[in-house]
Amino acid sequence: MSSQVYVAGVGMIPFAKPGQSAPYHVMGAEAAKLALADAGLDYSAVEQAYVGYVYGDSTCGQRALYQVGMSGIPIVNVNNNCSTGSTALFMARQAIQSGAVDCVLALGFEQMKPGALGAVFTDRPSAFDDFDAAADKLVDAAGIPLALRYFGGAGLSHMTKYGTPLTSFAKVRAKASRHAMNNPLALFRKEVTADDVMNDQVIWPGVMTRLMACPPTCGGAAALLVSEKFASKHGLRKDVRIAAQAMTTDTPSTFGAGDMMQVVGFDMSRAAANKVYEAAGVGPEDLDVVELHDCFAHNELITYEALGLCPEGGAAKFIDDGDNTYGGRIVTNPSGGLLSKGHPLGATGLAQCYELTRQLRGSAAATQVEGAKLALQHNLGLGGACVVTLYERA
Numbered sequence: 000m001s002s003q004v005y006v007a008g009v010g011m012i013p014f015a016k017p018g019q020s021a022p023y024h025v026m027g028a029e030a031a032k033l034a035l036a037d038a039g040l041d042y043s044a045v046e047q048a049y050v051g052y053v054y055g056d057s058t059c060g061q062r063a064l065y066q067v068g069m070s071g072i073p074i075v076n077v078n079n080n081c082s083t084g085s086t087a088l089f090m091a092r093q094a095i096q097s098g099a100v101d102c103v104l105a106l107g108f109e110q111m112k113p114g115a116l117g118a119v120f121t122d123r124p125s126a127f128d129d130f131d132a133a134a135d136k137l138v139d140a141a142g143i144p145l146a147l148r149y150f151g152g153a154g155l156s157h158m159t160k161y162g163t164p165l166t167s168f169a170k171v172r173a174k175a176s177r178h179a180m181n182n183p184l185a186l187f188r189k190e191v192t193a194d195d196v197m198n199d200q201v202i203w204p205g206v207m208t209r210l211m212a213c214p215p216t217c218g219g220a221a222a223l224l225v226s227e228k229f230a231s232k233h234g235l236r237k238d239v240r241i242a243a244q245a246m247t248t249d250t251p252s253t254f255g256a257g258d259m260m261q262v263v264g265f266d267m268s269r270a271a272a273n274k275v276y277e278a279a280g281v282g283p284e285d286l287d288v289v290e291l292h293d294c295f296a297h298n299e300l301i302t303y304e305a306l307g308l309c310p311e312g313g314a315a316k317f318i319d320d321g322d323n324t325y326g327g328r329i330v331t332n333p334s335g336g337l338l339s340k341g342h343p344l345g346a347t348g349l350a351q352c353y354e355l356t357r358q359l360r361g362s363a364a365a366t367q368v369e370g371a372k373l374a375l376q377h378n379l380g381l382g383g384a385c386v387v388t389l390y391e392r393a
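Note that the sequence shown covers residues 0 to 393 in numbering that gives the first Met the number 0.
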């Protein structure tokens with residue numbers, strides 16, 4: 000597997016609140032068409048498609064792409080919880096690297112309902128039974144919705160171990176809002192201060208306010224990946240290359256460490272990042288921009304450490320020093336992240352790809368990180384799966 004893989008086209012539609020978006024298949028078709036137009040290709044050139052969504056029946060991918068064209072190609076539907084979009088991207092890249100195909104579409108969309116995430120199939124064991132049991136054992140948070148308990152518990156673990164103040168999470172959310180102000184595709188573009196976040200509705204006393212959690216969101220995003228041979232043959236752009244990529248799942252430490260940070264994938268994230276750094280021959284100090292999985296402000300903070308952006312226990316200082324934003328060491332979530340941009344589960348990983356591709360092209364307009372050459376994407380889904388992708392300006 001030696002083929003270079005390039006991002007020839009990306010597309011993303013504005014994210015919206017539940018009930019205020021088009022149906023999933025319309026959003027998906029629109030995102031796919033935007034990626035194709037960005038690449039300057041017709042759908043007939045696509046040889047395979049991997050389509051990600053979480054809340055939908057089987058073959059929703061076909062339902063969306065049939066609005067773009069009915070060419071008879073393989074369409075594979077992907078569901079990996081919150082890392083669904085980047086899992087589709089991972090599979091698309093593998094298909095090209097294997098030599099099987101030269102042009103693959105990765106598409107993600109989600110049509111969500113308001114409120115906290117919950118199980119759809121309640122007549123069978125949940126994939127989260129072990130996670131629920133761990134959370135019940137490690138945190139006392141009766142009545143708190145499970146996703147909030149998982150990630151709030153991870154933040155509480157960090158606070159307990161390292162003395163991290165609650166204001167650090169508020170500063171992460173405030174930073175997200177400042178970045179999203181410059182992103183016309185983001186759901187929430189109003190700036191909030193750390194004090195606003197601290198004074199918002201308390202969800203879990205001493206652990207989380209409402210603004211520290213990302214909102215349920217609807218949206219779609221897509222990326223067209225091509226081989227070097229295909230790009231050269233068709234005169235496509237080769238300015239953004241996927242330099243390395245890794246996907247990891249849970250290990251025994253997830254439940255065996257007795258730590259909510261591990262339950263929400265700290266080791267899984269660290270392992271994926273280290274594999275990518277090793278494969279590309281770079282380190283976190285070489286990165287210019289990162290889009291990471293900030294489903295909660297708590298997860299952004301602990302992920303700084305999992306990705307090696309700062310030492311373990313050093314996240315509060317990293318934030319206080321402004322090293323996570325423009326003018327600092329590594330700009331994190333210039334798009335506004337999940338906290339402000341929104342989190343339509345199947346589209347999230349591909350929306351991260353959209354932002355980072357534009358960063359490396361130098362076409363990110365008001366969110367541009369000056370001189371960006373190396374970009375890291377981190378997308379995490381509990382249950383669990385983590386995909387880390389390194390993009391390089393070629």
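Glycine included, each C-beta is placed from N, C-alpha and C at the ideal position. As the structure is a prediction and not an experimental result, all values here were calculated from the model.
Identify every residue that forms a DSSP beta bridge with residue i.
| i | result |
| --- | --- |
| glycine 107 | Gly51, Ala220 |
| tyrosine 5 | Val225, Arg240 |
| leucine 373 | Glu391 |
| histidine 342 | Pro215 |
| leucine 379 | Cys385 |
| valine 330 | Val288 |
| threonine 247 | Cys385 |
| threonine 208 | Val201 |
| cysteine 102 | Val225 |
| cysteine 81 | Asn79 |
Is the beta carbon of residue i less than 9 Å from the beta carbon of residue j?
| i | j | result |
| --- | --- | --- |
| methionine 267 | serine 156 | no |
| alanine 193 | lysine 170 | yes |
| glutamate 390 | leucine 355 | In the sequence under discussion, the amino acid at residue 390 is tyrosine, which differs from the glutamate named in the question. Closer than 9 Å, so yes. |
| valine 275 | valine 387 | yes |
| methionine 207 | phenylalanine 265 | no |
| arginine 172 | valine 196 | yes |
| aspartate 249 | glycine 348 | no |
| glycine 380 | asparagine 76 | no |
| leucine 223 | valine 6 | yes |
| alanine 175 | asparagine 332 | yes |
| phenylalanine 471 | leucine 145 | This structure cannot speak to residue 471, because the chain is shown only from 0 to 393. |
| methionine 211 | histidine 297 | yes |
| glycine 55 | leucine 106 | no |
| glycine 335 | arginine 188 | yes |
| alanine 374 | valine 289 | yes |
| alanine 87 | leucine 64 | no |
| aspartate 319 | glycine 370 | no |
In chain order, what residues of the same chain have a beta carbon less than 6 Å from the beta carbon of residue i, not counting five sequence neighbours either side?
| i | result |
| --- | --- |
| valine 263 | Tyr149, Phe150, Ala153 |
| tyrosine 52 | Cys59, Phe108, Glu109, Gly345 |
| tyrosine 353 | Val9, Met11, Ala220 |
| arginine 357 | Ala363 |
| glutamine 61 | Ile74 |
| arginine 392 | Leu359, Lys372 |
| leucine 308 | Pro283, Ile329 |
| aspartate 258 | Ser156 |
| alanine 278 | Ala243 |
Apart from the five residues on each side of it in sequence, which residues of its chain come closer than 7 Å, Cβ to Cβ, to residue i?
| i | result |
| --- | --- |
| threonine 302 | Ser268, Leu291, His292, His377 |
| serine 2 | Ile95, Gln96, Gly98, Ser226, Glu227 |
| serine 82 | Gly348, Asn378, Leu379, Gly380, Ala384, Cys385, Val386 |
| aspartate 131 | Leu145 |
| tryptophan 203 | Ala140, Ile143, Leu147, Gly151 |
| glycine 68 | Tyr42, Ser43 |
If you run the structure through DSSP and keep just helix, strand and coil, what is residue i?
| i | result |
| --- | --- |
| glutamate 190 | coil |
| proline 214 | coil |
| isoleucine 301 | helix |
| glutamine 367 | coil |
| valine 288 | strand |
| methionine 180 | coil |
| isoleucine 318 | helix |
| phenylalanine 14 | coil |
| methionine 90 | helix |
| threonine 166 | helix |
| valine 75 | strand |
| methionine 0 | The pLDDT assigned to methionine 0 is 45, lower than 50, so where the model puts this residue is not dependable, and the model offers no usable value. |
| methionine 69 | coil |
| valine 201 | strand |
| phenylalanine 130 | helix |
| cysteine 309 | coil |
| glutamine 19 | coil |
| threonine 253 | helix |
| cysteine 352 | helix |
| cysteine 294 | coil |
| glutamate 46 | coil |
Who are the Cβ neighbours of residue i in its own chain at under 8 Å, not counting the five residues just before and after it?
| i | result |
| --- | --- |
| phenylalanine 89 | Gln244, Met246, Val386, Thr388 |
| serine 231 | Lys237 |
Compare the C-beta of residue i against all C-beta atoms of chain B and say whether one is closer than 9 Å.
| i | result |
| --- | --- |
| isoleucine 95 | Protein chains in the displayed structure number just one, and chain B is not present. |
Check whether the Cβ of residue i sits closer than 8 Å to any heavy atom of the ligand NAP, and report yes or no.
| i | result |
| --- | --- |
| alanine 48 | The ligand NAP is absent from the structure shown, which contains no ligands of any kind. |
Evaluate contact between the region 331 to 341 and the region 178 to 189, counting only Cβ atoms and requiring at least three cross-stretch pairs below 8 Å.
-> A contact exists between the region 331 to 341 and the region 178 to 189.
Taking three-plus beta-carbon pairs below 8 Å as touching, is the region 88 to 103 in contact with the region 38 to 57?
-> Yes: at least three Cβ pairs fall under 8 Å.
Is it a yes or a no for the region 313 to 332 touching the region 164 to 179, going by three-plus beta-carbon pairs under 8 Å?
-> Taking 8 Å as the limit for Cβ pairs, the verdict is that the region 164 to 179 does touch the region 313 to 332.
If we count Cβ pairs, one from each stretch, closer than 8 Å, do we get three or more for the region 3 to 22 versus the region 200 to 218?
-> Touching, yes.
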